[in-house]
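In the working numbering, the protein residues as written are 232 to 689.
A virtual CB, placed ideally from N, CA and C, is assigned to each residue, including glycine.
What follows is a set of notes on a single structure, which appears directly below.
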């Protein structure tokens, strides 16, 4: 079956049913604005399900209950410090202020049970502000968001792939086309569109053009990140921004294809190359570590840790799955560890012996908490591309901008479709920036759209 059919007018169409799109849909529902979410896959998952599911947020109810003193201002400062001051100031302020209320609203109105992760600090964060659902996985977060939209009756059309935005001469979108598995194409008329769909990490040509350091890296993101949102924006005359920014990860287990938590590095683990040497300060961040791992011999490194850190890592479900799959190797002593890595024993012995917990910085600028003790554990990893942080330029209300600074009248973007708050380089990514942009951006976009629609009605 094929052909085109017209569907009833829907005030707001949201493209993408990840954390961004579902957060926006829930916020619109709370304000009495009807919307429909288009999802290209059979089950909503996207980049969110592939992530750790950890969301940084200041001044939430959960954080206050834990007596952690934080503020949007401190969070904004941490974001800019990581981005060397290159993140878009208006977005940094908007997201820092919106993420706490967005998280609290999801908890209060939709029973999302946030927990504060207070066992360790992620790179670049001044205080404990990372939140997670009890499952501590991206899949767990998506499952709970899907249950929330189902509970309030938000319509999510599965296997509905947006194919085109249709606008008038002023760039105002009046309808959107989408295709379905039976070959049919449908069109929704609307008052506004929120692009919450994708970045371009799955588009090899765009990666080669904008992220040359990642052109040969493994892609650990969602295949749907094909850059279509950016293409639609360009057709409408939108401006792009921060196209060189992305989240890499220097701890992608191979050949298993799974994420190994960077918390192990933060708590005392190290990365060793095939020469038996460390090659960077592992506490600077997992995103920039991707590039540092990729320039090592064969583009690989080994995460090395000990029994105390193994027990700590086993608190993370993703690590347990990787361990059960055989990713974690054990070694009784340094000689056995060197055999696993394939490096010289004397070089590895020198490297591990240099981990002196004297409180002084090592040659990489890291203060080592304690030496690692046998038996040792190791995971073979490479650098991977997770998701892009550049995209359509937006203002603090998530309205898509033209090069002259004017807005497209009724097009909004957030999450992977829009520029983030990581500046323009890989090292600007602060842990959790992806889900920060998704949830804060979805929340902001929904409120901006509701305000526009209510104003137009009045």
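- Message: Given this structure, state the Cα-to-Cα distance separating residue 343 from residue 332, to the nearest angstrom.
- Response: Spanning the two alpha carbons is a distance of roughly 13 Å.
- My understanding is that residue 662 touches residue 456, with C-beta atoms under 8 Å, so please give their C-beta distance in whole angstroms. Not confirmed; about 20 Å, so no contact.
- Item | Per DSSP, the bridge partner or partners of residue 361 | 287
- Task: Measure the C-alpha to C-alpha separation of residue 479 and residue 517 and round it to an integer number of angstroms.
- Result: Their Cα atoms are separated by approximately 7 Å.
- Item | Backbone CA spacing between residue 264 and residue 243 [nearest angstrom] | 8 Å
- Length of the line joining the Cα atoms of residue 691 and residue 364: Only positions 232 to 689 of the chain appear in this structure, which leaves residue 691 out of reach.
- Residue from 283, 684 and 536 whose Cα sits closest to the Cα of residue 368: 283
- Message: Tell me the residue span of the alpha helix (DSSP H) that contains residue 538.
- Response: 538–544
- Item | Own chain residues within Cβ distance below 7 Å of residue 232, not counting five before or after | Here residue 232 scores only 36 on pLDDT, less than 50, and its place in the model should not be relied on; the value that follows carries that caveat. In the same chain as residue 232, and ignoring 5 residues on each side of it, the C-beta atoms closer than 7 Å to its own belong to 413, 414 and 415, in chain order.
- Query: Which term fits residue 247, buried or exposed, when burial requires 16 or more other beta carbons within 10 angstroms of its beta carbon?
  - Reply: Under this definition residue 247 is a buried residue.
- Task: Would you be able to state if there are at least three C-beta pairs under 8 Å between the region 505–520 and the region 541–550?
- Result: no
- Message: Can you tell me whether residue 611 is helix, strand or coil according to DSSP?
- Response: strand
- Task: From the DSSP output, in three-state form, read off residue 686 for me.
- Result: In the structure shown, residue 686 sits in a helix (DSSP, three-state: H, G or I).
- Query: From residue 327 to residue 576, what distance separates their C-alpha atoms?
  - Reply: 48 Å
- Query: By the 10 Å Cβ neighbour count, where 16 or more other Cβ atoms means buried, how is residue 357 classified, buried or exposed?
  - Reply: exposed
- Query: Any idea if residue 573 is buried or exposed, counting beta-carbon neighbours within 10 angstroms, 16 or more meaning buried?
  - Reply: exposed
- To the nearest angstrom, report how far apart residue 686 and residue 674 are at their CA atoms. Spanning the two alpha carbons is a distance of roughly 18 Å.
- Item | Residues sharing a beta bridge with residue 409, DSSP | The beta-bridge partner set that DSSP reports for residue 409 consists of 393 and 417.
- List the whole-angstrom C-beta distance separating residue 509 from residue 582, where the pair is believed to meet the contact cut-off of C-beta under 8 Å. 6 Å
- Nearest to residue 318 (by Cα), restricted to the options 671, 688, 658 and 670: 658
- Query: Along the chain, where does the beta strand (DSSP E) that runs through residue 580 open and close?
  - Reply: Element bounds for residue 580: not the beta strand (DSSP E) but the alpha helix (DSSP H), 576–584.
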